[in-house]
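To start, the structure under review is shown below, and the notes come after it.
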Amino acid sequence: DVKVTQSSRYLVKRTGEKVFLECVQDMDHENMFWYRQDPGLGLRLIYFSYDVKMKEKGDIPEGYSVSREKKERFSLILESASTNQTSMYLCASRATVTTNQPQHFGDGTRLSIL
Amino acid sequence: SQQGEEDPQALSIQEGENATMNCSYKTSINNLQWYRQNSGRGLVHLILIRSNEREKHSGRLRVTLDTSKKSSSLLITASRAADTASYFCAFSGYSTLTFGKGTMLLVSP
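Protein sequences appear in the order of chains H and G.
Here the first sequence stands for residues 1 to 114, numbered as in our numbering.
Here the second sequence stands for residues 1001 to 1109, numbered as in our numbering.
Here it is, written out as structure tokens:
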């Protein structure tokens, strides 16, 4: 089974801090994704990556950046955290770029910005 | 991108009953997928139906797709308390998925 591991289940940070959310997958998947999930809004795509050192903006990239230096690891960075970035963050991976394959999700990081 | 719409937003049934959830979308798609999310956890892939398919089964799950109406439905037969979760449809364009807002299903013993 594919395992997608997010480094923290819960995280509390302060406004203005630089925040790193880490995600690791163990199945040599090419594609990785970061979503945020908010009540009433569902899942929204922040950034995704087709392969190492590649990144594409999703629907809501403002205030975020990403890093993919190794195939198994995809990091989401909040450059200067703000309270409106309080949310559940979900990482996912997919074997290849073809969309006829499922995405595999981690258990999420619930991030609170105070 | 435009999110899908799911209906109903919440559904409460008894064990043994069937649960039907619907999803509508606005763009052309390559496929449509359904995911389940247990409280506080990540999403788990349930089933994928391609745009040229009309119906697909997996265990107690039946998914239909009507591309002319841009809609899909997920039927869970003989529901169990363990089916309590949120269910999301996700439709696929070229490379990414767009998720609906989900249906919360509560199955009471």
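For glycine and all other residues, C-beta sits at the position ideal for the given N, C-alpha and C.
Note that the structure is a prediction, hence the values are computed from the model and not measured.
- At a cut-off of 8 angstroms, the C-beta of H:LEU78 has no neighbouring C-beta in chain G.
- Taking a beta-carbon distance threshold of 8 angstroms, G:LYS1056 does not count as an interface residue toward chain H.
- Interface residue (Cβ-Cβ distance to chain G less than 8 angstroms): H:PHE74 is not classified as such.
- Assigned with DSSP and collapsed to three states, H:ALA95 falls in coil, not helix or strand.
- Note that the C-beta distance between G:THR1103 and G:GLU1006 is below 8 angstroms.
- Taking G:ARG1060 as the centre and dropping the five residues before and after it, the same chain places the C-beta of ILE1076, THR1077 and ALA1078 closer than 7 angstroms to its C-beta, in chain order.
- Secondary structure note for G:MET1021: its beta strand (DSSP E) is the uninterrupted segment 1019 to 1024.
- In this structure, the straight-line span from the alpha carbon of G:TYR1087 to that of G:ILE1047 is close to 11 angstroms.
- Judged by DSSP in its simplified three-state form, H:THR83 adopts helix.
- Within chain G, the residues GLN1033, TYR1035, LEU1043, HIS1045, ALA1090 and LEU1097 have their CB atoms less than 9 angstroms from the CB of H:GLN103, given in chain order.
- Chain-ordered, the chain H residues with CB closer than 9 angstroms to the CB of G:GLY1102 read GLY42 and LEU43.
- Within chain H, the C-beta atoms nearer than 8 angstroms to that of G:ASN1030 come from THR99 and ASN100, in chain order.
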